[in-house]
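Some notes on the structure that comes next.
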Amino acid sequence: MSARLETPTSAKSTAVLASRGARLLVFDSGIGGLSVLAEINRQLPSAEVTYVADDAAFPYGAWDGAALTAHIDRLMADLIATVSPDVVVIACNTASTLVLPTLRARHSLPFVGTVPAIKPAAKVTKSGLISVLATPGTVERDYTHALIDRFAADVEVTLVGSPRLAEIAERHLRGTPVGGAEIAAEIAPCFVETGARRTDAVVLGCTHYPFLLPHFRRLALWPVTWIDPAPAIARRVAAVLPASGVPSKLCDGPGGDAALVSGKVIFTSGHAPPPALARLLERFGLAPAAL
Ligand code: DGL
Numbered sequence: 008m009s010a011r012l013e014t015p016t017s018a019k020s021t022a023v024l025a026s027r028g029a030r031l032l033v034f035d036s037g038i039g040g041l042s043v044l045a046e047i048n049r050q051l052p053s054a055e056v057t058y059v060a061d062d063a064a065f066p067y068g069a070w071d072g073a074a075l076t077a078h079i080d081r082l083m084a085d086l087i088a089t090v091s092p093d094v095v096v097i098a099c100n101t102a103s104t105l106v107l108p109t110l111r112a113r114h115s116l117p118f119v120g121t122v123p124a125i126k127p128a129a130k131v132t133k134s135g136l137i138s139v140l141a142t143p144g145t146v147e148r149d150y151t152h153a154l155i156d157r158f159a160a161d162v163e164v165t166l167v168g169s170p171r172l173a174e175i176a177e178r179h180l181r182g183t184p185v186g187g188a189e190i191a192a193e194i195a196p197c198f199v200e201t202g203a204r205r206t207d208a209v210v211l212g213c214t215h216y217p218f219l220l221p222h223f224r225r226l227a228l229w230p231v232t233w234i235d236p237a238p239a240i241a242r243r244v245a246a247v248l249p250a251s252g253v254p255s256k257l258c259d260g261p262g263g264d265a266a267l268v269s270g271k272v273i274f275t276s277g278h279a280p281p282p283a284l285a286r287l288l289e290r291f292g293l294a295p296a297a298l
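The working numbering numbers the first residue of the sequence shown as 8 and each following residue consecutively.
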């Protein structure tokens, strides 16, 4: 049985926390989690963010579950010790659907996960046909199947495990042109026709995919509602902050394109980002840092 690591909750530490913005650790296998960070930035502009891209281990979608759990468990212990976050945001479906119980059992601070938005898709569909576009790991998870049983029992769900889209999104964000044909081939299985009914909602079950949304819309076989869970995740982060004794400054209105007040980004590979990605990170207010 592994040890559970307590975080300080004394009146003194609460007073210290109150004098600064919430300290968030936002974690993904790569830079897809920036789609979640964009919403956090909009809703919590005073947050101090450390964004960690575990690019040394990318892509998570192809990992064996037990090996990935052990890897993230180890890495997260180091990151929490280094960053001392108030909240950890696992901005990765492939990780969240696997390791959240392990992380929550080991650490006492709040973890906000990212899991496929099956409940909103089931609510929004009129045809009763929805698809979940995610990594091969996420579509296999018991967690994903439990979400379907719980929230989408009366709709038909097509699970599409894409082996390539996360990597295509990484290339796109690093400034390398991506081809329409390779994206079209990955999303085509989402479009299902049964008699007069057609898929009308597709869950973006990987945080990399919102960056490819303009391509998805252009290449869709017919118009559908694409569901991105990022706004709901940012609201959840804001909701758990008071429990940590940290004042949150929740913005209701637009205006979230401003850079973060302070933030840093860590790539576990230690590699410097290429120029296009460096510019994107700068727009997020994230300065490179070492682990
Ligand atoms: N961004 C990750 C997710 O939300 C996965 C990408 C990968 O395969 O590493 O699932």
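Cβ atoms here follow ideal geometry from the backbone N, Cα and C, with glycine treated the same way. Predicted model only: the values in this text are computed from it and were never measured.
Cβ of D35 within 6 Å of any heavy atom in the ligand DGL?
If you number the sequence shown from 1, residue 35 lands on position 28. Yes, the beta carbon of D35 sits closer than 6 Å to at least one heavy atom of the ligand DGL.
On the three-state DSSP scale, how would you describe V106?
Along the sequence shown, read from residue 1 onward, the residue named residue 106 stands at position 99. Assigned with DSSP and collapsed to three states, V106 falls in helix.
Between which two residues does the alpha helix (DSSP H) harbouring S42 extend?
On the sequence shown, residue 42 is found 35 positions in, with the first residue counted as 1. Run containing S42: L41 to Q50, per the alpha helix (DSSP H) assignment.
Per DSSP, what are the beta-bridge partners of D35 in this structure?
Mapped onto the sequence shown, residue 35 falls at position 28. Answer by DSSP bridge pairing, in chain order: A60.
Would L226 and I175 be called neighbours here (beta carbons separated by less than 7 Å)?
On the sequence shown, position 219 is the one that residue 226 refers to. On the sequence shown, position 168 is the one that residue 175 refers to. No; because the gap between Cβ atoms is not below 7 Å, this pair is not in contact.
For S115, is the classification buried or exposed, using 16 other Cβ atoms within 10 angstroms of its Cβ as the cut-off for buried?
Within the sequence shown, numbered from 1, the residue matching residue 115 stands at position 108. By the neighbour-count criterion, in which a residue is buried when 16 or more other Cβ atoms sit within 10 angstroms of its Cβ, S115 is exposed.
Of the choices A297, L287 and P280, whose alpha-carbon is the least far from that of L273?
Working through the sequence shown from its first residue, we reach residue 273 at position 266. Per the sequence presented here, residue 273 reads as Ile, with Leu not at that position. Residue A297 holds the alpha-carbon nearest to the alpha-carbon of I273 among A297, L287 and P280.
D235 classed as buried or exposed, judged by whether at least 16 other C-beta atoms fall within 10 angstroms
Taking the sequence shown and counting its residues from 1, the one referred to as residue 235 is at position 228. Here D235 is buried. Its C-beta has 16 or more other C-beta atoms within 10 Å.
Y67: beta carbon under 6 Å from a heavy atom of the ligand DGL?
For the purposes of this step, residue 67 is taken as the residue at position 60 of the sequence shown. The closest heavy atom of the ligand DGL lies less than 6 Å from the beta carbon of Y67.
Please classify G40 as buried or exposed, where buried requires at least 16 neighbouring CB atoms within 10 angstroms.
Counting from one through the sequence shown, the residue named residue 40 turns up at place 33. By the 16-neighbour rule on beta-carbons within 10 angstroms, G40 is buried.
I need the DSSP call for T7, collapsed to helix, strand or coil.
Given that the chain is displayed from residue 8 to residue 298, the structure contains no residue 7 and the question cannot be resolved.
Alpha helix (DSSP H) containing K126: first to last residue?
For the purposes of this step, residue 126 is identified with residue 119 of the sequence shown, where counting begins at 1. I125 to V131 is the span of the alpha helix (DSSP H), which, as asked, contains K126.
Cβ-based burial, L220 [other Cβ within 10 Å; buried from 16]:
Sequence index remark: in the sequence shown, residue 220 carries index 213 (1-based). Answer is exposed; the Cβ neighbour count stays below 16.
Apart from the five residues just before and just after E177, which ones in its own chain have a Cβ nearer than 6 Å to its Cβ?
Start at 1 with the first residue of the sequence shown, and residue 177 comes out as number 170. Cβ neighbours of E177 beyond the five flanking positions: G37.
Whole-angstrom C-beta distance between T232 and V131, which should lie under 8 Å
Taking the sequence shown and counting its residues from 1, the one referred to as residue 131 is at position 124. Taking the sequence shown and counting its residues from 1, the one referred to as residue 232 is at position 225. V131 to T232, Cβ: 6 Å. Contact.
Helix, strand or coil at P304 [DSSP, three-state]
Since the first residue shown for the chain is 8 and the last is 298, residue 304 is missing from the structure and cannot be characterised.
Is the beta carbon of S53 less than 7 Å from the beta carbon of A237?
As a first step, residue 53 must be located in the sequence shown, where it is residue number 46. As a first step, residue 237 must be located in the sequence shown, where it is residue number 230. Their beta carbons are not under 7 Å apart, which means S53 does not touch A237 by this criterion.
Of all Cβ atoms in chain C, is any one closer than 7 Å to the Cβ of T151?
The chain inventory of the structure shown lacks chain C, comprising one protein chain alone.
For H278, I'd like the list of residues in its chain whose CB is within less than 8 Å of its CB, leaving aside the five on either flank, ordered along the chain.
If you number the sequence shown from 1, residue 278 lands on position 271. Correct list, in chain order: D62.
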